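K.L.:
Let me begin by handing over the structure; questions about it come next.
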Amino acid sequence: MSLELPRLQERRERVFLVLAGTFLCAMTLLNVIGITRFVQLGPMALAVGVLPYPLTFLCTDLICELYGKARANFLVSVGLGLNFMILGVLLLGNSLPSVPTESMPPWQILQLAAPVALPNGEMVEQSVGLYQLIYATTSGAVFASMLAYIAAQYCDVQLFHFWKRVTRGKYLWVRNNFSTLMSQMVDSIMVITVTFGAAFMRDEMSFRTLLILVGSNYLFKATVALLDTGPFYLGVHYLRRYLQLAPGETATPLGGSSSTNA
């Protein structure tokens, strides 16, 4: 049953909000928890921040398919702005003077048994503030993820529509998988090399370890990218019906639709 334009517009904007919120949440988690911990997932050694990140590519692919290239690029630009905000808050918090250590609550101070080199190269002894540890483990990762984010997310949107043109709007799995697999490779190489490049240059990390991190990072993302083909097909199928979009149509901000194979 066809809905009236105001109700149809509200429905389409709600779906866009859910997809955009999921995208921004996964992206923010990558930057907030970043490399604070590495986990072993089968043969892969992964930073915990990577775990939700593949969802960003599923969300942008769904938005590309249902709302068009312009809205997908807009969402990526909003995400870039949030990256700058996160980095700015981290820098601001680190630049402001802290209260004396003796005035800190015990849970804000970590006692270390021996000098430890933080990821930013700083050596700490005896005790370190919790924020200092978080800043050291996330600030560099945020900068690295920003560079990788710019390259990978815009690459994903451009490649999605490139493959859509090549296949003339057919074969959803081609544009979903080929755009994501290629952009995930760009993301994995950039984020690992920028994050740990300094440690590699200081001979604190071997080239083999660097390759293992890149390989594990990409293997996980590529595996999830292939597995999300089913959810992508289901999402497009049911959401097209729910949003009342014919094949080849995309929703417009005013509640209408436009035909596109570009």
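Our numbering applies: residue 222 is where the sequence shown begins, and numbers increase by one.
For each residue, glycine too, the CB sits at the ideal point set by N, CA and C.
Nothing here was measured: the structure is a model prediction, and the numbers come from that model.
Taking 8 Å as the threshold, find out whether the region 396 to 410 comes into contact with the region 274 to 283 through three or more Cβ pairs.
P.N.:
Contact between the region 396 to 410 and the region 274 to 283 is present, because at least three Cβ pairs lie under 8 Å.
K.L.:
Let's see if you can read the secondary structure: which residues bound the beta strand (DSSP E) around Thr471?
P.N.:
Residues 470 to 472.
K.L.:
Please determine if the region 249 to 256 and the region 372 to 391 are in contact, where contact requires at least 3 C-beta pairs separated by less than 8 Å.
P.N.:
Verdict: no, contact absent.
K.L.:
So what does DSSP say about Ala266, is it helix, strand or coil?
P.N.:
Reduced to three states, the DSSP call for Ala266 is strand.
K.L.:
What residues match up with Gln261 in a beta bridge as DSSP calls it?
P.N.:
Gln261 pairs with Ala266.
K.L.:
State the DSSP-derived secondary structure class of Leu333, mapped to helix, strand or coil.
P.N.:
Model confidence at Leu333 stands at a pLDDT of 49, short of 50, so the residue's coordinates are unreliable and nothing is read from them.
K.L.:
Let me confirm a value: Ser348 is counted as buried when at least 16 other C-beta atoms fall within 10 Å, else exposed. Which label applies?
P.N.:
Per-residue confidence for Ser348 stands at a pLDDT of 49, beneath the threshold of 50, marking its modelled position as unreliable; no derived number is given.
K.L.:
Excluding the five sequence neighbours on either side, which residues of its own chain have a C-beta within less than 6 Å of the C-beta of Glu286, listed in chain order?
P.N.:
Counting only Cβ-Cβ distances below 6 Å, and skipping sequence neighbours, we find Val457.
K.L.:
I need the boundaries of the alpha helix (DSSP H) containing Met426, first residue and last residue.
P.N.:
Where Met426 is concerned, there is no enclosing alpha helix (DSSP H), given that its DSSP letter is neither H nor E.
K.L.:
To the nearest angstrom, report how far apart Asn341 and Ser298 are at their CA atoms.
P.N.:
Bear in mind that the predicted position of Asn341 carries a pLDDT of just 48, short of 50, making it unreliable; the figure below should be weighed with that in mind. Approximately 28 Å, taken between the alpha carbons.
K.L.:
For Phe441, collect the residues of the same chain with a Cβ closer than 6 Å to its Cβ; drop the 5 residues on either side in sequence, then sort them by chain order.
P.N.:
Cβ within range, chain order: Met265, Leu267.
K.L.:
Could you spell out the range, first to last residue, of the alpha helix (DSSP H) harbouring Val457?
P.N.:
Start and end: 450 to 463.
K.L.:
Helix, strand or coil for Lys391 per DSSP?
P.N.:
If DSSP states are grouped into helix, strand and coil, Lys391 belongs with coil.
K.L.:
Within its chain, find whatever has a CB closer than 6 Å to the CB of Trp394; leave out the 5 residues flanking it on each side and keep chain order.
P.N.:
Closer than 6 Å at the Cβ level, and outside the excluded window around Trp394, lie Thr450.
K.L.:
Near Glu225, what residues of its chain come up, given a Cβ to Cβ distance below 8 Å and the 5 sequence neighbours on each side ignored?
P.N.:
Closer than 8 Å at the Cβ level, and outside the excluded window around Glu225, lies no residue.
K.L.:
What whole-angstrom Cβ distance do Arg292 and Leu464 have, given they're in contact under 8 Å?
P.N.:
Actually they are not in contact, since the Cβ atoms of Arg292 and Leu464 sit about 13 Å apart, beyond 8 Å.
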